[in-house]
Amino acid sequence: MSRMDLDMRRVRYFVAVAEECSFVRAASRLYMTQPALSRQIRALEEDLDVVLFLRDRQGTVLTRAGHQLLEDARPLLAMSQGVQQRVRTANRELNHFAIGFMPGIVVTPIVREFATMAPQLDIEVVHTSISDQVDFLIDGRVDVCYVRLPLPEGMFEVVPLFPEPRVVALSSTHPLAESKAVHVEDLRDVTLLQHPQDVPEWRGRLPREPLAPQPHAGRFPVTIEECLEGVASGTGCYVMPAGMAGFYRRDDVAYLTLEGVAPRMVALAYSRHRTMPELNQFAELSRRMLGPGPD
380 MSRMDLDMRR VRYFVAVAEE CSFVRAASRL YMTQPALSRQ IRALEEDLDV VLFLRDRQGT
440 VLTRAGHQLL EDARPLLAMS QGVQQRVRTA NRELNHFAIG FMPGIVVTPI VREFATMAPQ
500 LDIEVVHTSI SDQVDFLIDG RVDVCYVRLP LPEGMFEVVP LFPEPRVVAL SSTHPLAESK
560 AVHVEDLRDV TLLQHPQDVP EWRGRLPREP LAPQPHAGRF PVTIEECLEG VASGTGCYVM
620 PAGMAGFYRR DDVAYLTLEG VAPRMVALAY SRHRTMPELN QFAELSRRML GPGPD
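In this text, residue positions in the sequence shown follow our numbering: the first is 380, and each later residue adds one.
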């Protein structure tokens, strides 16, 4: 095999070992023997001419090259699975059209109008979240998706629609909870319960330990629901798009307009490799109904 080729099966094996930090656990998860798995990983290392794992007293750890491959491998595997799913879908459901949406973005009028414009389509509306909006597009579960930017560059056609202001979630017992708005500078004594790259303007406290790079690793909140539990308990605050506040409303959390931070752009996205004519039709409808309108 050319070193320019990647065996997707071996890439899948690599991800399992990286996630389990153990050849033994990964072999059990993949229903194969540990020696067979080791041979496949060695073959992948030979294909790439790098070392992907080191073994020490703490177990199996990724090298720098391994970390880079893991970063690239997950979307690569998802895209490969998405190709298979879309091919099967194209063969089985010629008129299926799936629209992804997330809390705070009202799409019912657009979906209703589009159904009138394209009666030949079997339209499905699928709920997503900020954390998995890209996954739904890559693996083919949706044809188009309303998203909040940014997205990975180069993968999608993106139609910007409107900027959405952001709010900060604070415990209802916090001294600022009765305020309607607060400036980001007023929160310097509050801990931010999310990755600081989500709020570049943040100058307040950060967790004592960095947010874990691996999904579900470490002790810090991962999902919005977990973050809001931390907010309600008084551990810190969470910054989110304003449209989501109503969806996650609860008595022990107060949402305040957050000044001094940039809004998040709401957009429509779809794979730039798709040729389905209804994609452009839906994009134009979304731009007309949600976009800024004529100057």
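Glycine included, every Cβ here is placed at the ideal spot set by N, Cα and C. These numbers were taken from a predicted model, which means no experiment stands behind them.
Requested in this report: In the DSSP assignment, find the unbroken alpha helix (DSSP H) run with E387 in it and report its ends.
Outcome: Reading off the sequence shown, one finds Met at residue 387, where the question assumed Glu. That run of the alpha helix (DSSP H) goes 387 to 399.
Query raised in the report: Taking C-alpha atoms, which residue in T552, S558, L448, V485 lies nearest to L540?
Result: Checked all of T552, S558, L448, V485; the closest Cα to L540 is V485.
Query raised in the report: Is it buried or exposed for D435, if we count other Cβ within 10 angstroms and need 16 for buried?
Result: Its Cβ having fewer than 16 others within 10 Å, D435 is exposed.
Query raised in the report: Over what stretch of residues does the beta strand (DSSP E) that includes F476 continue unbroken?
Result: 475 to 480
Query - Residue range of the alpha helix (DSSP H) that includes C606 - result: 603 to 611
Query raised in the report: What number of angstroms, rounded off, separates the C-alpha of T442 from the C-alpha of Q573?
Result: 27 Å
**Report entry** G461 burial status per 10 Å Cβ neighbour count (16 or more: buried)
**Finding:** A residue is called buried when at least 16 other Cβ atoms come within 10 angstroms of its Cβ; G461 meets this threshold and is buried.
Query - Endpoints, the alpha helix (DSSP H) within which F626 is located - result: Note, F626: premise wrong, no alpha helix (DSSP H); not H, not E.
Query - Neighbourhood of F535 by C-beta distance below 7 Å, restricted to the same chain and skipping five residues each side - result: The beta carbon of F535 sits closer than 7 Å to the beta carbons of L516, A648, Y649, S650, R651 from its chain, once the five residues preceding and following it are set aside; these are given in chain order.
Requested in this report: Starting from P531, follow the alpha helix (DSSP H) in both directions and report where the run begins and ends.
Outcome: No alpha helix (DSSP H) contains P531, which DSSP labels as neither H nor E.
Query raised in the report: For L549, does the count of other Cβ atoms within 10 angstroms reach 16, so buried, or fall short, so exposed?
Result: buried
Query raised in the report: What did DSSP end up calling T487 once you bin it into helix, strand or coil?
Result: helix
Requested in this report: With DSSP as the reference, label L572 as helix, strand or coil.
Outcome: coil
**Report entry** Buried or exposed by the 16-neighbour rule on C-beta atoms within 10 Å, applied to G597
**Finding:** Residue placement at G597 is poorly supported in this model, since its pLDDT is 37, which falls under 50; the coordinates still yield a value, given next. Result: exposed.
Query raised in the report: Less than 8 Å separating the beta-carbons of A353 and Y634?
Result: With the chain running from 380 to 674 in the structure shown, residue 353 is simply not present.
Query raised in the report: Contact between the stretch 653 to 670 and the stretch 476 to 492: three or more CB pairs below 8 Å?
Result: yes
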